[in-house]
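Peer 1: Sequences listed follow chains A and B, in order. When the letters of the first sequence are read in order and numbered with my numbering, they come out as residues 1 to 517. When the letters of the second sequence are read in order and numbered with my numbering, they come out as residues 518 to 818. Here a beta-carbon is modelled for each residue, glycine too, at the ideal position from N, C-alpha and C. Structure below; questions to follow.
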Amino acid sequence: MSKKTYRKISQGLFLLLFLFLFIQTESKGNDTLGYPVKLFLDFDPLIFITTLFASHGRKIPSAFFLSLSLIVMTVLLGRIFCGWICPLGTLHNIIGSLKKSHSLKVHVSWHKAKYYILFLLVSSSIFTLQITGIMDPISLLIRSFSLSIFPLLNHGIRGFFDSIYNANIPAVVNLSEPAYDFLKRNLLSFRDLYYIQAILIGLLFIVIISLNLLERRFWCKYVCPLGAMLGLLSGYSLLKREVSEGCTSCGICANRCQGGALQEKNSVWKNTECLVCFDCDDLCPQNAVTFGIGRNAHPSIDLGRRQVLLSLASGMLAVPLVRSTPFSRSDFSNPGLLRPPGSLEEKDFLKRCVKCGECMKVCLTNGLQPTLLEAGLEGLWSPRLIPRIGYCEYRCTLCGQVCPTGAIQRLPLEEKMKTKIGLAMIDKGRCLPYAHSTPCIVCEEVCPTSPKAIWFEEFSVKDRGGEEIIVKQPHIDLDRCIGCGICEAKCPVGNRPAIYVTNIGESRSKTNQLLLL
Amino acid sequence: MHRREFLKYAAIAGCGLCLGEKLDLITSAEAAERRDLVVAQGVGKSPSLITMAAIGAFGGMKKFISRGDIVVIKPNIGWDRTPEQGANTNPEVVAAIVKLCFDAGAKKVKVFDRSVNDPRRCYKQSGIADAVSSLGAEVSFVDDRRFKDVSIKGQVLKSWPLYADALEADKIINVPIAKHHGLAKLTMSMKNWMGIMGGQRGRIHQKIGESLADICLVVKPTLTVLDAVRILTTNGPQGGSLADVKRLDTIIVGVDQVAIDSYGATLFDMRGSDLSYVKAGAAAGLGIMDLSKLKIKKLNV
Chain A
1 MSKKTYRKIS QGLFLLLFLF LFIQTESKGN DTLGYPVKLF LDFDPLIFIT
51 TLFASHGRKI PSAFFLSLSL IVMTVLLGRI FCGWICPLGT LHNIIGSLKK
101 SHSLKVHVSW HKAKYYILFL LVSSSIFTLQ ITGIMDPISL LIRSFSLSIF
151 PLLNHGIRGF FDSIYNANIP AVVNLSEPAY DFLKRNLLSF RDLYYIQAIL
201 IGLLFIVIIS LNLLERRFWC KYVCPLGAML GLLSGYSLLK REVSEGCTSC
251 GICANRCQGG ALQEKNSVWK NTECLVCFDC DDLCPQNAVT FGIGRNAHPS
301 IDLGRRQVLL SLASGMLAVP LVRSTPFSRS DFSNPGLLRP PGSLEEKDFL
351 KRCVKCGECM KVCLTNGLQP TLLEAGLEGL WSPRLIPRIG YCEYRCTLCG
401 QVCPTGAIQR LPLEEKMKTK IGLAMIDKGR CLPYAHSTPC IVCEEVCPTS
451 PKAIWFEEFS VKDRGGEEII VKQPHIDLDR CIGCGICEAK CPVGNRPAIY
501 VTNIGESRSK TNQLLLL
Chain B
518 MHRREFLKYA AIAGCGLCLG EKLDLITSAE AAERRDLVVA QGVGKSPSLI
568 TMAAIGAFGG MKKFISRGDI VVIKPNIGWD RTPEQGANTN PEVVAAIVKL
618 CFDAGAKKVK VFDRSVNDPR RCYKQSGIAD AVSSLGAEVS FVDDRRFKDV
668 SIKGQVLKSW PLYADALEAD KIINVPIAKH HGLAKLTMSM KNWMGIMGGQ
718 RGRIHQKIGE SLADICLVVK PTLTVLDAVR ILTTNGPQGG SLADVKRLDT
768 IIVGVDQVAI DSYGATLFDM RGSDLSYVKA GAAAGLGIMD LSKLKIKKLN
818 V
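Printed below as a string of structure tokens:
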């Protein structure tokens, strides 16, 4: 087998592993998931280093040190991660193979863009702004799959089987339902998933993937900041490409080079751009190309001092720019911004959250949703609980378990059950026992704390006919309430619940408090 | 439930409605059975053993389940709580009933509930899914497509979406747990049918007594097994604190749900007449509230 075949097998296996772990990022009813579902993020050195910078090295999850192995591997063998492992890279390969003609056009200067993006991200992280997750390929892939592509797949498949079911032709349904059951057990999500920004995030992903039709591996060559980081490291790698005397300068290698490391016939091989795909080794009609171990003599890429400084400065300036909004004031809080239980204080939270979407994927109730601007531009796509879509399940700690950076801390169950993410308040103008002399106790019934945070006061009220009715009017014990939002989720006054949660009183904040205590 | 059996019960219920207190006049086997209650207690004994003894004393499962029956067992799996917390039916009780059904020749036994908390956690943490799937019962999550609008013609509920599997089964066994409830005071067998209701069922709390009696007009269990192995005395219906749980090691078996709930009230030092749905059920002729009119067999396991 050629090296290229090994590479393809490796890509396939890693993509399958990625998809397997992705599917497993869902509860089966136990307290833990049973698989290291955030493994790809743990191995991501870009997320590691920017989190390290942004949070000034405090409380770094130990799993992150796995990513050092990727750094070592790259220093030894070049961007083998990009060519052999990265699941997004593999998807780019698959989509790129749809493009029939191999464009010769390589935009030499565009290669540099990804390095400037990297410098911008790293420099802003040094000044405590963590926006890497927006462009980090692993984070981007998990987020896009979790919040858009996978829900889309689910709606499609469910819609298909439901329409067969509803057509109600016994012979067909008897065949389709077992197949549907199988898919439900092994592939589909437990429930239909809805995410507020599914369309935007999905379209962005489709654009990124479609760039392969313009030029293969467009993202990897010109945009990917992780690729840039590994590129810089591979500038010192021991991987060496050699061309023997037999070379006829036919140009096939340059023509097909995935990373654009060979830009034209007889050009110098740029090790920073080589994805170690071994296509050139495989394709060379003269068998003149070999890869070996040795020191590379030539410097890899010239980025230009002025441009490097400019990108570093841009990253620095981005910090005060995105923070010049009221969201940065410690006494300002968007009341509807309910962060998952275990989240760090907002400023520290934003320094860590890489918007990978793992918490939103694993959330039992679909209640964790991506923000748009509710947490400022800095918080774009960070998680927020919307109780009307789904409440926070009292005895679940999964979001803290899957968070790769510790933005959401992993809480022991006992502690989680006491962690306030906000407080519930009653809208007496809509609540049935208060406003409409009608009995209702749903909020109290579902309140999970023990003793319950919702208690009753019995009132004798009269209906229109003057008949006396005893109603139990709910009150909230703010000491007991943890803001889980199940009361809001299940309130029969559904479209605008008569009980609702805002983030005042959240355990993580010193300033957003209400009670004297 | 077979059609014939349904018609028989419907006729009896109809007579009951007409005759009211004169129900005693009916001497058919079914009517006698409806008045029977077995209360089995076995302090320190396994819930499974107590359940088997109670059902045995009630005539045995073979009296109720025929060979080839498709049986639905409806426990309370409403909450993400462990068995010790007494918010869901005891898994060993459910497992014992599943086993007895298979022993009696049941072709298929289905176990489900429309949970309030996340169904995956409820099924798992209650211990019920693991306890009964290993016995060969079909444990499935509620499938929203299978709620069918059912005409009820009750006092309050004229129709409601109910779970087709529960209505289409040959036999259905109600296996509630006895526990406290903020509005209904207690929840036992009649209120357990909320677990087959679709739609926004929370609305029925506006007229809880009449609504539950209405549901019982259309759902007629073959057998009801009330789990009082552990009862939840306060902070119901989901509890959470072991301090609120009282261990009674008791199982109550009967056919008449009104009678069972009326007896169940005494476990909490209440009377059936304290419970709106028991009163409404008795008034609608669904069963007997007056314990003095029941034949209660007490059993020490």
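Using a Cβ-Cβ cut-off of less than 8 Å, give me the residues of the stretch 389 to 400 of chain A that come near chain B, in sequence order.
Peer 2: Flagged, chain order: Glu393, Tyr394, Arg395 and Cys396.
Peer 1: In chain B, which residues lie less than 9 Å from glutamate 445 of chain A when you measure between Cβ atoms?
Peer 2: In chain order: Val633, His698, Gly699, Leu700, Gly719, His722, Gly753, Pro754 and Gln755.
Peer 1: To the nearest angstrom, report how far apart isoleucine 9 of chain A and leucine 213 of chain A are at their CA atoms.
Peer 2: Roughly 23 Å between the two C-alpha positions.
Peer 1: Go ahead and label methionine 1 of chain A buried or exposed: buried means 16 or more other beta carbons lie within 10 angstroms of its beta carbon, across all protein chains shown.
Peer 2: The residue in question, methionine 1 of chain A, is exposed, as its Cβ has fewer than 16 Cβ neighbours within 10 Å.
Peer 1: Leaving out the 5 sequence neighbours to the left and right, which residues in its chain are closer than 7 Å to lysine 624 of chain B when beta-carbon positions are compared?
Peer 2: Once the five neighbours on either side are set aside, the close Cβ partners of lysine 624 of chain B are Gly585, Asp586 and Ile587.
Peer 1: Per the DSSP calculation, alanine 424 of chain A is bridged to which residue(s)?
Peer 2: DSSP, once it has assigned bridges, lists A:Val501 as partnering alanine 424 of chain A.
Peer 1: Run down chain B in chain order and give the residues with a C-beta less than 7 Å from the C-beta of valine 442 of chain A.
Peer 2: Under the 7 Å cutoff, chain B gives Gly719 and His722.
Peer 1: If you run the structure through DSSP and keep just helix, strand and coil, what is valine 628 of chain B?
Peer 2: If DSSP states are grouped into helix, strand and coil, valine 628 of chain B belongs with the strands.
Peer 1: Beta carbon of valine 442 of chain A, beta carbon of histidine 698 of chain B: below 8 Å?
Peer 2: No; because the gap between Cβ atoms is not below 8 Å, this pair is not in contact.
Peer 1: Using DSSP's beta-bridge definition, name the partner residues of glutamine 473 of chain A.
Peer 2: According to DSSP, glutamine 473 of chain A bridges with A:Glu457.
Peer 1: According to the neighbour-count rule (16 or more other Cβ atoms, all chains shown, within 10 Å of its Cβ), is tyrosine 194 of chain A buried or exposed?
Peer 2: Classification for tyrosine 194 of chain A: exposed.
Peer 1: With 9 Å as the C-beta to C-beta threshold (strictly closer), list the residues of the stretch 477 to 494 of chain A near chain B in chain order.
Peer 2: Answer in chain order: Ile486, Lys490, Cys491, Pro492 and Gly494.
Peer 1: Are glutamate 26 of chain A and serine 189 of chain A touching if we call contact CB-CB under 8 Å?
Peer 2: Going by C-beta atoms, glutamate 26 of chain A is nearer than 8 Å to serine 189 of chain A.
Peer 1: Decide if histidine 56 of chain A is buried, meaning its Cβ has at least 16 other Cβ atoms within 10 Å, or exposed.
Peer 2: Answer is exposed; the Cβ neighbour count stays below 16.
Peer 1: Determine the contact status of isoleucine 301 of chain A and threonine 325 of chain A, defining contact as a CB-CB distance below 8 Å.
Peer 2: No, they are not a contact pair.
Peer 1: Under 8 Å, Cβ to Cβ, is there at least one residue of chain A near tyrosine 780 of chain B?
Peer 2: Chain A, which has no Cβ nearer than 8 Å to the Cβ of tyrosine 780 of chain B, makes this no.
Peer 1: Ignore the nearest five residues each way along the sequence and tell me which others in aspartate 620 of chain B's own chain have a CB closer than 6 Å to its CB.
Peer 2: Same-chain partners within the cutoff: there are none.
Peer 1: So within the stretch 638 to 686 of chain B, which uninterrupted alpha helix (DSSP H) runs reach at least 4 residues, ignoring any that extend past its ends?
Peer 2: For the stretch 638 to 686 of chain B, whole alpha helix (DSSP H) runs of length 4 or above, ordered along the chain, are 645 to 650 and 681 to 685.
Peer 1: For glutamine 307 of chain A, which of helix, strand or coil comes out of DSSP?
Peer 2: Three-state DSSP puts glutamine 307 of chain A in a helix.
Peer 1: Compute the beta-carbon to beta-carbon distance between alanine 612 of chain B and serine 668 of chain B, rounded to the nearest angstrom, for a pair I have assumed lies under 8 Å.
Peer 2: 35 Å between Cβ atoms; not a contact.
Peer 1: Taking just the CA atoms, how far does isoleucine 454 of chain A sit from lysine 462 of chain A?
Peer 2: Cα-Cα distance, rounded: 24 Å.
Peer 1: Between the C-alpha atoms of arginine 216 of chain A and cysteine 363 of chain A, what's the straight-line distance to the nearest angstrom?
Peer 2: C-alpha separation (whole angstroms): 35 Å.
Peer 1: If aspartate 192 of chain A and asparagine 154 of chain A are in contact, beta carbons under 8 Å, what's the gap, nearest whole angstrom?
Peer 2: The Cβ separation is near 6 Å, so the contact holds.
Peer 1: Counting contacts by CB-CB distance shorter than 8 Å, is serine 758 of chain B in contact with chain A?
Peer 2: It does; some Cβ of chain A falls within 8 Å.
Peer 1: So, is the C-beta of lysine 539 of chain B closer than 8 Å to a C-beta in chain A?
Peer 2: Low local confidence applies: a pLDDT of 43 at lysine 539 of chain B is under 50, so the model's placement there is unreliable, with the coordinate-based value given in what follows. Not closer than 8 Å to any Cβ of chain A, the Cβ of lysine 539 of chain B fails to qualify, so no.
Peer 1: Could you please give me the residues that DSSP links to glycine 246 of chain A through a beta bridge?
Peer 2: DSSP output for glycine 246 of chain A lists no bridge partner at all.
Peer 1: Leaving out five residues on either side along the sequence, give the residues of the same chain with a beta carbon under 7 Å from the beta carbon of glycine 712 of chain B.
Peer 2: Excluding positions up to five away in sequence, the list reads Lys591, Asn593, Gly595, Asp630 and Arg631.
Peer 1: Anything in the stretch 600 to 633 of chain B with a Cβ closer than 7 Å to a Cβ of chain A? List those residues in chain order, please.
Peer 2: Correct list: Val633.
Peer 1: Please report the distance separating the alpha-carbon of arginine 58 of chain A from that of leucine 19 of chain A.
Peer 2: Rounded to whole angstroms, arginine 58 of chain A to leucine 19 of chain A spans 31 Å at the Cα level.
Peer 1: Just how far apart, CA to CA, sit leucine 811 of chain B and valine 555 of chain B?
Peer 2: Taking the straight line joining both Cα atoms gives about 10 Å.
Peer 1: Verify whether the separation of the beta carbon atoms of arginine 657 of chain B and asparagine 605 of chain B is less than 8 Å.
Peer 2: Correcting the residue type first, residue 657 of chain B is serine in the shown sequence and not arginine. Going by C-beta atoms, serine 657 of chain B is not nearer than 8 Å to asparagine 605 of chain B.
Peer 1: So what's proline 285 of chain A in DSSP terms, helix, strand or just coil?
Peer 2: Reduced to three states, the DSSP call for proline 285 of chain A is coil.
Peer 1: Cβ atoms of aspartate 682 of chain B and arginine 663 of chain B: under 8 Å apart, would you say?
Peer 2: For arginine 663 of chain B and aspartate 682 of chain B, yes; Cβs fall inside 8 Å.
Peer 1: Which first and last residues belong to the beta strand (DSSP E) in which glycine 771 of chain B is found?
Peer 2: Element bounds for glycine 771 of chain B: 762 to 771.
Peer 1: Check whether the stretch 34 to 45 of chain A and the stretch 107 to 114 of chain A touch, using three or more Cβ-Cβ pairs below 8 Å as the test.
Peer 2: In short, these stretches do not touch, since the Cβ pair count stays below three.
Peer 1: Under 6 Å Cβ to Cβ from serine 521 of chain A, same chain only, skipping five residues before and after it: list those, please.
Peer 2: Not covered by the structure: residue 521 of chain A. The range shown for chain A is 1 to 517.
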